[in-house]
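Each remark here refers to the structure printed beneath this line.
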């Protein structure tokens, strides 16, 4: 009886494993999907900054906060190709996830502020920010699945809180400045996420050079 | 006085000369920076006015919160430039650049901030743009290929390159652009033959700035070979048109060939055309009352004669029968049978004669059966009988393999037996004995002259059975029978037999004459009929 149970149990496990393997999407495919989404995010943020600059009065530029004051600047990330290629894959994944997580709240603030932004293209900006949010959320889900496959290091997320408050200011100039500054920070961070994921994609798909 | 003014002028001139020649240098400013492959970057400055003295330019840079460092390479990027190699290049890091101009009189500088070097990423244009005209398929198309700039590393994943291609006709103003991601080839299909096309490609790294367009590549499409096509077209079209014309002209024949007409029902020996000529009254008469035996068309030398024995004058027929067709001997017996039938079914003066033969009942029955058979046969023939019947009969007679194409006979009843089988001679009775008062005694014997009867020749010869008697004399009341021993069935002796035989022919005056000659003693055609009803009016036709 016991032997029958064990054999039956093994059979069930084998079947479940097969099912799980059959249903599992390979990592290469997941990374490819994630890279495409991060690429989309980066292009959206680039378009947003250009949209802002087209009408943003340049006089306040010098007073704009420097990029070092982005709330994600404290995170140590590779800054060039050699560093990026040397960092382990799980670290890259962790960094990407941390950055993505850091922008969840600020995106909400940006979305709320965009509706009442004193800017002629605020409707376009608002819709693009909402699109960004969607991509960000789905990318976060995808990266979570990926990190589960990549080990414990990939699952560690650095906490990068946004301390800029819930609104952007009270006067027009302040609002616009802060909005612009946040968008530039977002552009930089989205580019980081995109680059890291693409390096990961290329490294994971050694047999598929077309992924690089 | 003059020397003082001269000295003053000299001092002023010298002072002016000294002031205009030297000064501190003007302010230089950085006009542009660029990273061509996302690994290094360069910046270029514009020197200001140098102040007339040799001026030295230096560039210092600071990465975020580090200290200022001097430019590592002033040479590689050209004049008034600073080249930052891979080691010195960092992305997502703010750079602060300061360029200084120094000469003997002083220096001047300006600051240039780079928040992110990534914003200055702009690759070189793609290289090796090749355009091929591919004419192997049904339509020619352009095969365009290119390569990314050589200084870009596309294998590590650090830099993701995207391409864009545009083309236009030489004489057009509108470019058509294609976004190709990282593909390094394109096939252009929507091109016009014989046109000259201009093609350009450019690339981009990581969503940065687009590179410059490549130099225009020209491609000329081949013309279609018009004369050849016209020739081919003509060669194909002319036979096609000819075929269509022929088919249209011969569509009836084509229809016949494709869908052959279903043959309608046809009974041998019946001429449908003759039947269609519309002389239905003949058939109606035949069916209802006057049973006129349609006489078959028999060749001249085959005069058939009828023998009908009766003591009634009414049986004597008049002229209508002269023009009727001849019958074969079978018909004669059929006439006998019919009379018997009439005897039964209808009141006729001929009954008397038949009654007297009542003691020969079995023979009569046989006769009757024969009659019925023949009648049936006749009746069978009747529907097909129409004014044109005699000729049909003759035709059938000539063609039929059967000895007797009795299709010309009208039957009162529908016989079961086919007349084609022919009332065999065996069915006819023989006149054995003639009583004094013209009593017809019928004897049924098998007539073994089936061979004679079966003989069916082209001319429709039918021989009379041997056992038919000849009417020797016909009185008003009595018909004398002459015993006939040897009636040759050969048609050649028809004339001989003609003496006793009546011949019914369809409008064959010759035959009639011939027959009438020796048969002059016969009345009319000699066919004795019992009653008018018995008469079968045959339409006379040849």
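Residue numbers (this note's numbering), protein chains in the order written: chain A, 35 to 246; chain B, 19 to 560.
The beta carbon of each residue, even a glycine, is placed where N, CA and C say it ideally should be.
Residue i - containing beta strand (DSSP E), residue span
i, result
"residue 148 of chain B", "145-152"
"residue 128 of chain B", "124-132"
"residue 121 of chain B", "113-121"
"residue 102 of chain B", "99-102"
"residue 120 of chain A", "Looking at the DSSP string, residue 120 of chain A is not in any beta strand (DSSP E); the run it does join, the alpha helix (DSSP H), is 115-120."
"residue 50 of chain B", "47-52"
"residue 222 of chain B", "214-223"
"residue 195 of chain B", "194-199"
"residue 182 of chain B", "179-187"
"residue 205 of chain B", "203-206"
Selection from the options that minimises the alpha carbon distance to residue i
i, options, result
"residue 115 of chain B", "B/128, B/187, B/163, B/183", "B/128"
"residue 235 of chain B", "B/146, B/257, B/223", "B/146"
"residue 84 of chain A", "A/187, A/119, A/155, A/171", "A/155"
"residue 116 of chain A", "B/152, B/107, B/94, B/102", "B/107"
"residue 221 of chain A", "A/47, A/44, A/208, A/137", "A/137"
"residue 190 of chain A", "A/227, A/129, A/237, A/232", "A/129"
"residue 22 of chain A", "A/82, A/174, A/103", "With chain A covering 35 to 246 only, the question about residue 22 of chain A has no answer from this structure."
"residue 227 of chain A", "A/49, A/120, A/42, A/132", "A/132"
"residue 88 of chain B", "B/73, B/72, B/113", "B/113"
"residue 122 of chain A", "A/79, A/234, A/246", "A/234"
"residue 110 of chain A", "A/186, A/37, A/223, A/49", "A/223"
"residue 189 of chain B", "B/26, B/213, B/175, B/148", "B/213"
"residue 79 of chain A", "A/124, A/214, A/60", "A/214"
"residue 49 of chain B", "B/215, B/42, B/65", "B/65"
"residue 110 of chain B", "B/294, B/103, B/133", "B/133"
"residue 104 of chain B", "B/139, B/86, B/118, B/58", "B/58"
"residue 276 of chain B", "B/259, B/265, B/62", "B/265"
"residue 124 of chain A", "A/65, A/199, A/37, A/210", "A/65"
"residue 239 of chain A", "A/200, A/69, A/135, A/86", "A/69"
"residue 231 of chain B", "B/51, B/158, B/164", "B/164"
"residue 126 of chain A", "A/232, A/107, A/106, A/204", "A/232"
Extent of the continuous alpha helix (DSSP H) run through residue i
i, result
"residue 235 of chain B", "Element bounds for residue 235 of chain B: not the alpha helix (DSSP H) but the beta strand (DSSP E), 235-238."
"residue 62 of chain A", "61-89"
"residue 169 of chain A", "156-184"
"residue 233 of chain A", "206-238"
"residue 145 of chain A", "138-149"
"residue 274 of chain B", "269-276"
7 Å Cβ cut-off: residues of chain D touching residue i
i, result
"residue 76 of chain A", "Annotation note: the requested chain D is absent from the structure, which comprises protein chains A and B."
Per-residue contacts from residue i into chain A (C-beta, under 7 Å)
i, result
"residue 222 of chain B", "Per Cβ cutoff of 7 Å: no residues; residue 222 of chain B is ~11 Å from chain A at best."
"residue 561 of chain B", "Residue numbering for chain B in the displayed model covers 19 to 560; residue 561 of chain B lies beyond these limits and cannot be assessed."
Contact set between residue i and chain B, taken where Cβ atoms lie within less than 7 Å
i, result
"residue 80 of chain A", "225"
"residue 113 of chain A", "108, 109, 110, 111"
"residue 222 of chain A", "110, 134"
Proximal residues of chain B, C-beta to C-beta of residue i below 9 Å
i, result
"residue 218 of chain A", "133, 134"
"residue 233 of chain A", "174, 175, 176"
Contact set between residue i and chain B, taken where Cβ atoms lie within less than 8 Å
i, result
"residue 119 of chain A", "174, 176"
"residue 226 of chain A", "110"
"residue 237 of chain A", "175"
"residue 128 of chain A", "Near residue 128 of chain A there are no residues of chain B at all, since even the closest Cβ is about 17 Å away, more than 8 Å."
"residue 108 of chain A", "By Cβ distance, chain B contributes nothing, its closest Cβ being about 12 Å from residue 108 of chain A, past 8 Å."
Per-residue contacts from residue i into chain A (C-beta, under 8 Å)
i, result
"residue 104 of chain B", "114, 115, 116"
Just checking, does the segment 168-184 of chain B make contact with the segment 250-270 of chain B on the three C-beta pairs under 8 Å criterion?
With a cut-off of 8 Å, the segment 250-270 of chain B and the segment 168-184 of chain B do not count as touching, because too few Cβ pairs lie within range.
Inter-stretch contact (C-beta, 8 Å, three-pair minimum) for the segment 80-89 of chain B and the segment 193-210 of chain A
The answer is no - the segment 193-210 of chain A does not touch the segment 80-89 of chain B, with fewer than three Cβ pairs under 8 Å.
Examine the Cβ distances between the segment 223-231 of chain B and the segment 73-84 of chain A and report whether three or more of them are shorter than 8 Å.
Inter-segment contact for the segment 223-231 of chain B and the segment 73-84 of chain A is present: three or more beta-carbon pairs are separated by less than 8 Å.
Inter-stretch contact at 8 Å, needing at least 3 Cβ pairs: the segment 159-173 of chain A / the segment 108-125 of chain A:
Verdict: no, contact absent.
May I ask you to list, following chain order, the residues of the segment 60-77 of chain B that have a beta carbon less than 8 Å from some beta carbon of chain A?
The segment 60-77 of chain B vs chain A, Cβ under 8 Å: nothing.
Can you list, in chain order, the residues of the segment 39-60 of chain B whose Cβ is nearer than 8 Å to any Cβ on chain A?
Cβ contacts with chain A come from 56, 57.
Three Cβ pairs or more, each shorter than 8 Å: is that satisfied between the segment 179-188 of chain B and the segment 89-100 of chain B?
A contact is defined here as three or more CB-CB pairs under 8 Å, and the segment 179-188 of chain B fails this definition with respect to the segment 89-100 of chain B.
Of all the residues that make up the segment 144-160 of chain A, which are near chain B by a beta-carbon distance shorter than 8 Å?
Of all residues in the segment 144-160 of chain A, none has a Cβ within less than 8 Å of some Cβ in chain B.
Listed in chain order, which residues of the segment 172-185 of chain A have Cβ atoms closer than 8 Å to some Cβ of chain B?
So nothing in the stretch comes that close.
Is there contact here, the segment 137-146 of chain B with the segment 201-220 of chain B, by at least three beta-carbon pairs under 8 Å?
Taking 8 Å as the limit for Cβ pairs, the verdict is that the segment 201-220 of chain B does touch the segment 137-146 of chain B.
Within the chosen definition, does the segment 149-166 of chain B reach the segment 123-139 of chain B through at least 3 CB pairs nearer than 8 Å?
Contact between the segment 149-166 of chain B and the segment 123-139 of chain B is absent, because fewer than three Cβ pairs lie under 8 Å.
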